[in-house]
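In terms of this note's numbering, the sequence shown opens at residue 12 and continues consecutively. Yeah, the Cβ is synthetic: ideal placement off N, Cα and C, and Gly gets one too.
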Amino acid sequence: MPETNPDAGWRFDNSYARLPEPLFAAAAPATVRAPRLVIWNRHLAVDLGLDSDLLTESPAIFAGNELPPGAEPLAQAYAGHQFGHFTTLGDGRAILLGEQLAPAGGRFDVQLKGAGRTRYSRGGDGRAALGPMLREHIISEAMHALGVPTTRSLAVALTGEVVMRTTPLAGAVLTRVATSHIRVGTFQYARGLGDEGVLRALLEHAIARHDPDLADLADPALAFFEAVVARQAALVARWMLVGFVHGVMNTDNMAISGETIDYGPCAFLDAYDPATVFSSIDQQGRYAYANQPGIAHWNLARLAESLLPLVPGEGEAVLDKVREVLGTFPERFERELLAGGRAKLGLVGEEPGDAELFAGLLAAMRTARADFTRTFAALTTLAEAAAAKPRASGEKPAGPADGASADEADPFATGPLAEWLPAWRERLARQPAGPAAAAAGMRRVNPVVIPRNHRVEEALDAAEGGDLAPFERLLAVLRQPFEETAANVPYRAGPPADFGPYTTFCGT
Ligand code: AMP
Ligand code: MG
12 MPETNPDAGW RFDNSYARLP EPLFAAAAPA TVRAPRLVIW NRHLAVDLGL
62 DSDLLTESPA IFAGNELPPG AEPLAQAYAG HQFGHFTTLG DGRAILLGEQ
112 LAPAGGRFDV QLKGAGRTRY SRGGDGRAAL GPMLREHIIS EAMHALGVPT
162 TRSLAVALTG EVVMRTTPLA GAVLTRVATS HIRVGTFQYA RGLGDEGVLR
212 ALLEHAIARH DPDLADLADP ALAFFEAVVA RQAALVARWM LVGFVHGVMN
262 TDNMAISGET IDYGPCAFLD AYDPATVFSS IDQQGRYAYA NQPGIAHWNL
312 ARLAESLLPL VPGEGEAVLD KVREVLGTFP ERFERELLAG GRAKLGLVGE
362 EPGDAELFAG LLAAMRTARA DFTRTFAALT TLAEAAAAKP RASGEKPAGP
412 ADGASADEAD PFATGPLAEW LPAWRERLAR QPAGPAAAAA GMRRVNPVVI
462 PRNHRVEEAL DAAEGGDLAP FERLLAVLRQ PFEETAANVP YRAGPPADFG
512 PYTTFCGT
């Protein structure tokens, strides 16, 4: 395959390709009929040091028809517990082109998803359809804007070919960018090979990429495990605090980087119900909203098992050390959740009753089936109104812009949320920082827009019909989730009454 655009800013250094062979297989992206770029992420291109003007002229790279200079395409091997059952997997429809060295430092995997069959495709066709790739693009970019660690999406390209699913669909390739694609399942696979040298090489690689400070410690394996535990506790707390349901938390879909990965059946809560499950295949509710911390803990136990041979010591002593670190997950998660909950409530400093106050609001929201995002947005508006009160009469209060909330009923006006409100007001009144600081803090963490299921569906339907305008409008709005703008007024509301229960499907 020819190399293109040496000046476009490609700067690959492919450290994964230098790992022992069983961890990957060389893979060439399939040549497709008619590559056409449908989405290009200029923001991300800048961060990666890539020239958008040159690259948007060569869609061939982003459909797999040409390779960027320095690419060494490969498919990664991994295993994983899927809904609790162990399976050997691997990139069945994703091909890693290489690792881009970004101008500001940092190394990023550039991977084509949907680029054709690999050694690990099993019965699959290695392809992807436009709808699911656009869905991954918009939700992962929304997560990034919400401040949640995540893989990114640089491009979505049409292939000009049809993929057969339940119906024929337009084929597409997504260019995924991640600090790495190493999963808990990658370690499970390496452990399963029974070759300690390979497992150690993977650990050293993962440490070099994510935790270079740990490389010279006496027990890097345990320290690395602790770092992953900490990242996952922080990540899952962030999910909970924006109402995100991942939907398929198999161990192969948990990245050791602490980035959210695999946007198949994920979705955001509208009404707050901790038992919410969106995925059609999650019949038992294993990956329900409220189960996510418990599942992350379970997945981390699988990582612990995989790392055991690399932890110095003998028998029970090794197990005790690893168990102790694993056992810190619940309290780390609770700490992260409470810190985030405090921020959402505008609480500065810590008081012993804070956890109960936050839990009390969630309980009231559950009873009222209150909309998760709008509840915290409305609370932010209340905090801003309280902060504006002492102003001289005639001055314009620092209220919502552009008559924004005019059409939104205040969820705190009556019912369980109204009953909860005085406790929050009392807590705020005790704060030396004052109401303005509380309101400003809340504005920074409580989004007014999230990728609402009905809006995402509407945008994808239009895009599949050839009209990308609604998708691009929604994407633009989601890049600024914390501000009330004129543009995001129509995107703030929950689903229309006739939207019904929302079901997602694994995007294959
Ligand atoms: P996921 O449910 O997306 O995490 O995928 C689970 C496994 O199935 C991974 O190993 C994927 O690479 C593989 N896979 C998913 N879709 C396809 C496909 N269309 N062709 C080949 N492999 C696939
Ligand atoms: Mg996956």
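- Pairing Tyr-513 with Ala-278 gives a Cβ-Cβ distance under 9 Å.
- Under the DSSP assignment, Leu-112 falls in the beta strand (DSSP E) whose first and last residues are 105-112.
- With a cutoff of 8 Å, Ser-132 counts as near ligand 1, since its C-beta is closer than that to a heavy atom of the ligand.
- In this structure, the beta-carbon distance from Val-288 to Asp-273 does not fall below 9 Å.
- Cβ contact annotation for Val-336 (same chain, cutoff 8 Å, sequence separation greater than five): Leu-233, Phe-236, Glu-237, Val-240, Ala-315, in chain order.
- Cβ-Cβ distances below 8 Å link Leu-471 to Gly-142, Leu-145, Arg-146, Phe-482 in the same chain, with the five nearest sequence neighbours on each side left out; the list follows chain order.
- A residue is listed when its beta-carbon falls short of 5 Å from at least one non-hydrogen atom of ligand 2; in chain order these are Asn-264, Asp-273.
- Nearest C-alpha to Ala-299 among Ser-291, Trp-309, Ala-282, Ala-286: Ala-286.
- Counting along the chain, the unbroken alpha helix (DSSP H) around Glu-367 starts and ends at 365-379.
- Straight through space, the alpha carbons of Phe-94 and Gln-295 are spaced by roughly 10 Å.
- For Asp-120, the Cβ stays outside the 8 Å cut-off from all heavy atoms of ligand 1.
- Within the region 468-510, no complete beta strand (DSSP E) segment of 3 residues or longer occurs.
- Between the region 423-434 and the region 336-346, the count of Cβ pairs shorter than 8 Å is below three; the stretches do not touch.
- Rounded to the nearest whole angstrom, the CA to CA distance from Arg-463 to Arg-385 is 11 Å.
- If the five residues before and after Phe-516 are omitted, its C-beta is found closer than 7 Å to the C-beta atoms of Pro-276, Ser-291, all from its own chain and listed in chain order.
- Gly-158 sits away from Arg-104, with the two beta carbons spaced by 9 Å or more.
- The beta carbons of Phe-369 and Arg-380 sit no closer together than 9 Å.
- When Ala-28, Val-359, Thr-161, Arg-29 are compared, the shortest CA-CA separation from Pro-443 is found for Val-359.
- For the region 47-134, the full-length alpha helix (DSSP H) segments reaching 4 residues or more read 53-59, 63-66, 71-74 along the chain.
- If only complete runs of 3 or more residues are kept, the region 190-215 shows no beta strand (DSSP E) anywhere.
- If you look at Thr-170, you'll find it in the beta strand (DSSP E) that goes 163-175.
- A direct Cα-to-Cα measurement between Arg-44 and Val-173 gives close to 10 Å.
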